[in-house]
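**Q**
Number of protein chains: 2
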Amino acid sequence: MYCSMKDAKVRLYVEHPLGEGQTIPLERDQAHYLFGVMRLGVGDAVALFNGRDGEWRCGVVEAGKRKGVLVCEAQTKPLQMPPDLWLIFAPIKKARTDFIVEKAAEMGAARIMPVQTDFTNSERIRQDRLQAHAVEAAEQCGGTFVPEVADLQKLDRVLADWPEGRQLMFCDEAEVGSAARLGAASGDQWAILIGPEGGFSPDERARLKSLPFAHVVSLGPRILRADTAAVAAMTIWQQALGDWG
Amino acid sequence: MYCSMKDAKVRLYVEHPLGEGQTIPLERDQAHYLFGVMRLGVGDAVALFNGRDGEWRCGVVEAGKRKGVLVCEAQTKPLQMPPDLWLIFAPIKKARTDFIVEKAAEMGAARIMPVQTDFTNSERIRQDRLQAHAVEAAEQCGGTFVPEVADLQKLDRVLADWPEGRQLMFCDEAEVGSAARLGAASGDQWAILIGPEGGFSPDERARLKSLPFAHVVSLGPRILRADTAAVAAMTIWQQALGDWG
Numbered sequence: 001m002y003c004s005m006k007d008a009k010v011r012l013y014v015e016h017p018l019g020e021g022q023t024i025p026l027e028r029d030q031a032h033y034l035f036g037v038m039r040l041g042v043g044d045a046v047a048l049f050n051g052r053d054g055e056w057r058c059g060v061v062e063a064g065k066r067k068g069v070l071v072c073e074a075q076t077k078p079l080q081m082p083p084d085l086w087l088i089f090a091p092i093k094k095a096r097t098d099f100i101v102e103k104a105a106e107m108g109a110a111r112i113m114p115v116q117t118d119f120t121n122s123e124r125i126r127q128d129r130l131q132a133h134a135v136e137a138a139e140q141c142g143g144t145f146v147p148e149v150a151d152l153q154k155l156d157r158v159l160a161d162w163p164e165g166r167q168l169m170f171c172d173e174a175e176v177g178s179a180a181r182l183g184a185a186s187g188d189q190w191a192i193l194i195g196p197e198g199g200f201s202p203d204e205r206a207r208l209k210s211l212p213f214a215h216v217v218s219l220g221p222r223i224l225r226a227d228t229a230a231v232a233a234m235t236i237w238q239q240a241l242g243d244w245g
Numbered sequence: 001m002y003c004s005m006k007d008a009k010v011r012l013y014v015e016h017p018l019g020e021g022q023t024i025p026l027e028r029d030q031a032h033y034l035f036g037v038m039r040l041g042v043g044d045a046v047a048l049f050n051g052r053d054g055e056w057r058c059g060v061v062e063a064g065k066r067k068g069v070l071v072c073e074a075q076t077k078p079l080q081m082p083p084d085l086w087l088i089f090a091p092i093k094k095a096r097t098d099f100i101v102e103k104a105a106e107m108g109a110a111r112i113m114p115v116q117t118d119f120t121n122s123e124r125i126r127q128d129r130l131q132a133h134a135v136e137a138a139e140q141c142g143g144t145f146v147p148e149v150a151d152l153q154k155l156d157r158v159l160a161d162w163p164e165g166r167q168l169m170f171c172d173e174a175e176v177g178s179a180a181r182l183g184a185a186s187g188d189q190w191a192i193l194i195g196p197e198g199g200f201s202p203d204e205r206a207r208l209k210s211l212p213f214a215h216v217v218s219l220g221p222r223i224l225r226a227d228t229a230a231v232a233a234m235t236i237w238q239q240a241l242g243d244w245g
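Chains A and B supply the protein sequences, listed in that same order. The first sequence begins at 1 in full-length UniProt numbering and counts up by one. The second sequence begins at 1 in full-length UniProt numbering and counts up by one.
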């Protein structure tokens with residue numbers, strides 16, 4: 001089912017081991033969220049996950065204004081790792097960047113990498129804020145894994161340091177006649193590169209096309225916003241090579 | 001390229017015939033947008049489209065506070081019709097509904113149909129506001145066609161009145177083991193149904209599965225927000241049966 005804010009059991013990401021009988025002390029902002037905002041109290045249940053141990057049903061044993069304690073009762077979901085897929089994109093506007101990070105988390109990216117490109121080399125990000133958005137997307141959509149949001153890097157550097165064995169799918173509207181297909185590509189380790197609104201520079205485009213590990217895919221004849229393009233590209237990949245059955 | 005707000009030539013949807021030498025009188029809000037907000041003046045160019053005649057470069061001949069006149073100079077894009085695809089969805093939250101309408105327009109829906117389902121039968125919409133969002137998405141993403149946003153109907157009614165020959169793709173997370181594939185389906189006239197956050201009722205699910213024109217498709221093992229699901233579903237369809245090459 002699509003993730004619903006209404007009637008959702010309360011889910012929270014914690015940086016703490018989870019296991020039967022494990023005691024979880026809450027940080028101030030977590031206590032405020034559970035007891036001040038969501039109005040939970042002693043005896044209520046919360047679903048916790050930490051990105052490693054799946055999801056656990058936990059009972060509230062102490063509920064205060066600025067602190068609290070939960071105890072793990074039973075595992076309710078095993079850890080569901082996404083495929084080994086990186087989502088690389090060029091942030092411009094804050095709101096659109098937030099959407100891209102959320103959708104990348106929903107769609108199963110293992111790692112989210114903001115990059116500066118030739119046309120976007122003065123953009124900046126708040127890595128901590130974007131990481132919080134990825135956590136929130138996982139909390140709201142029932143996820144048990146949270147993708148890491150990397151620090152901003154130059155695309156040139158990411159390509160220069162490219163790890164052996166990882167394939168790259170990039171989407172370039174300038175490719176007239178290319179298909180929305182991954183063709184004969186294979187492999188377990190992949191990355192998807194979504195160019196900036198405004199596109200890649202001619203130098204970047206030439207460089208990308210020359211890379212032996214790069215595969216160009218079309219996203220159709222209409223222009224897409226960057227967050228729409230991210231979901232479309234990830235859908236194509238998940239269908240062809242990922243965990244979409 | 002992904003649609004960019006920065007450096008975009010000014011594009012405007014008008015409800016007026018377009019053709020060489022055609023004079024276009026502007027309405028008050030259009031004049032305010034072009035001359036007050038975008039600071040254009042006599043001699044500047046604007047790209048106009050009306051959903052029928054493609055895109056035309058038009059010159060400003062009169063620029064006033066509450067009125068203005070443009071003249072069509074040359075066609076810059078032919079009309080690009082989307083496939084005959086309906087996007088049917090269940091609105092809940094206003095912001096999420098706005099996103100779904102915008103993305104449906106970006107992704108090539110010909111018609112956008114908000115419906116009430118068993119779990120969302122008290123929701124309401126502002127059809128005029130949603131139509132304006134579809135227009136805006138087309139303006140911002142270089143489109144020459146604007147999908148119609150229909151009035152809210154009950155899903156039961158839409159299914160009861162289903163036109164002969166149109167196929168339906170619906171996405172149901174309860175289908176364990178179903179693939180993100182359209183399989184052997186074919187045909188020119190289609191609809192995609194995105195269920196509400198909260199899902200279909202058991203009755204609805206049973207009814208949908210019994211329809212001879214319905215095809216169920218999985219959107220993977222992770223829960224998706226409704227606007228993410230809409231883009232993913234439309235990507236699957238466009239790749240398999242649409243105009244994505």
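Just so you know, even glycine gets a beta-carbon here, dropped at the ideal spot from N, CA and C. Treat the numbers as computed from the prediction; the structure is a model and nothing was measured.
Counting along the chain, where does the beta strand (DSSP E) carrying residue 243(A) start and finish?
**A** No beta strand (DSSP E) holds residue 243(A); DSSP gives it neither H nor E.
**Q** To the nearest angstrom, how far is the alpha carbon of residue 55(B) from that of residue 46(B)?
**A** Residue 55(B) and residue 46(B): Cα-Cα distance of roughly 10 Å.
**Q** Opposite residue 23(A) in the DSSP bridges: which residues?
**A** Looking at the DSSP assignment, residue 23(A) forms a beta bridge with 71(A).
**Q** Take residue 148(A) as the anchor and find which of 133(A), 161(A), 116(A) and 227(A) has the nearest alpha-carbon.
**A** When only C-alpha atoms are compared, the closest one is 133(A).
**Q** According to DSSP, is residue 16(B) helix, strand or coil?
**A** It is coil, neither helix nor strand.
**Q** Can you tell me where the alpha helix (DSSP H) with residue 204(B) in it begins and where it stops?
**A** Its alpha helix (DSSP H) spans residues 202-210.
**Q** Name the DSSP beta bridge partners of residue 11(B), please?
**A** 47(B), per the DSSP bridge assignment.
**Q** Tell me the DSSP secondary structure of residue 77(B) in three-state form.
**A** Residue 77(B): strand per DSSP, three-state reduction.
**Q** Measuring CB to CB, does residue 82(B) end up less than 7 Å from residue 108(B)?
**A** Yes.
**Q** Does the segment 151-160 of chain B touch the segment 222-242 of chain B, meaning 3 or more C-beta pairs lie closer than 8 Å?
**A** Cβ pair count under 8 Å is below three, so no.
**Q** Measure the Cβ-Cβ separation of residue 59(B) and residue 69(B) and say whether it is below 7 Å.
**A** No. Outside cutoff.
**Q** Rounded to a whole number of angstroms, what is the C-alpha to C-alpha distance between residue 27(A) and residue 67(A)?
**A** The straight-line gap from Cα to Cα measures roughly 6 Å.
**Q** At least one CB of chain B closer than 7 Å to the CB of residue 47(A): is that the case?
**A** Cβ-Cβ to chain B under 7 Å: no for residue 47(A).
**Q** In chain order, what residues of the same chain lie with their CB nearer than 7 Å to the CB of residue 224(A), ignoring the 5 residues before and after it?
**A** 232.
**Q** Enumerate in chain order the residues of its own chain whose CB-to-CB distance from residue 110(A) is below 6 Å, with the five nearest sequence positions on each side excluded.
**A** Hits under 6 Å: 82, 84, 85 and 147.
**Q** So, does the CB of residue 9(A) fall closer than 7 Å to a CB anywhere in chain B?
**A** Closer than 7 Å: no.
**Q** Looking only at DSSP bridge pairs, what is residue 127(A) linked to?
**A** DSSP output for residue 127(A) lists no bridge partner at all.
**Q** Let me see if you follow: with CB-CB separation under 7 Å, is residue 24(A) close to chain B or not?
**A** Chain B contact via Cβ: absent.
**Q** Starting from residue 161(A) and walking both ways along the alpha helix (DSSP H), at which residues does that stretch end?
**A** That residue, residue 161(A), is in no alpha helix (DSSP H); it is neither H nor E in DSSP.
**Q** Between residue 141(B) and chain A, is there a C-beta pair that is closer than 7 Å?
**A** So, interface residue.
**Q** Nearest chain A C-beta to residue 186(B) closer than 7 Å, yes or no?
**A** So, not an interface residue.
**Q** Is the distance from the Cβ of residue 33(A) to the Cβ of residue 139(A) below 7 Å?
**A** Not a contact, by the Cβ cut-off of 7 Å.
**Q** Tell me whether the segment 87-104 of chain B and the segment 194-211 of chain A touch, counting them as touching only if at least three CB pairs, one residue from each stretch, are closer than 8 Å.
**A** Short answer: they don't touch.
**Q** Helix, strand or coil for residue 111(A)? Go by DSSP, reduced to three states.
**A** Correct three-state label for residue 111(A): strand.
**Q** Over the uninterrupted alpha helix (DSSP H) stretch that includes residue 106(B), give me the two end residues.
**A** That run of the alpha helix (DSSP H) goes 94-106.
**Q** Quick one: which residues of the segment 198-227 of chain A get their C-beta closer than 7 Å to a C-beta of chain B? List them in chain order.
**A** Hits within the stretch, in order: 198, 199, 218, 220, 221, 222, 223, 224, 225 and 226.
**Q** Measuring CB to CB, does residue 240(A) end up less than 7 Å from residue 182(A)?
**A** Yes, Cβ-Cβ distance for residue 240(A) and residue 182(A) is below 7 Å.
**Q** Nearest by alpha-carbon distance to residue 106(B): which of 88(B), 123(B) and 137(B) is it?
**A** Comparing Cα-Cα distances from residue 106(B) to each of 88(B), 123(B) and 137(B), the minimum goes to 137(B).
**Q** Using a Cβ-Cβ distance under 7 Å, would residue 13(A) count as near chain B?
**A** It does not; no Cβ of chain B falls within 7 Å.
**Q** What does residue 238(A) reach in chain B if we use C-beta pairs closer than 8 Å?
**A** What residue 238(A) touches in chain B: 180 and 220.
**Q** Looking at C-alpha atoms only, which residue of 80(B), 166(B) and 48(B) is the closest neighbour of residue 145(B)?
**A** Nearest of 80(B), 166(B) and 48(B) to residue 145(B), Cα basis: 80(B).
**Q** Going along the chain, which residues of its own chain have a beta-carbon closer than 8 Å to the beta-carbon of residue 38(B), five neighbours each way excluded?
**A** Within the same chain, residue 38(B) has close Cβ partners 10.
**Q** If you measure from the beta carbon of residue 94(B) to each beta carbon in chain A, is any gap under 7 Å?
**A** It does not; no Cβ of chain A falls within 7 Å.
**Q** For the beta strand (DSSP E) containing residue 52(B), list its first residue and its last residue.
**A** Looking at the DSSP string, residue 52(B) is not in any beta strand (DSSP E), and its letter there is neither H nor E.
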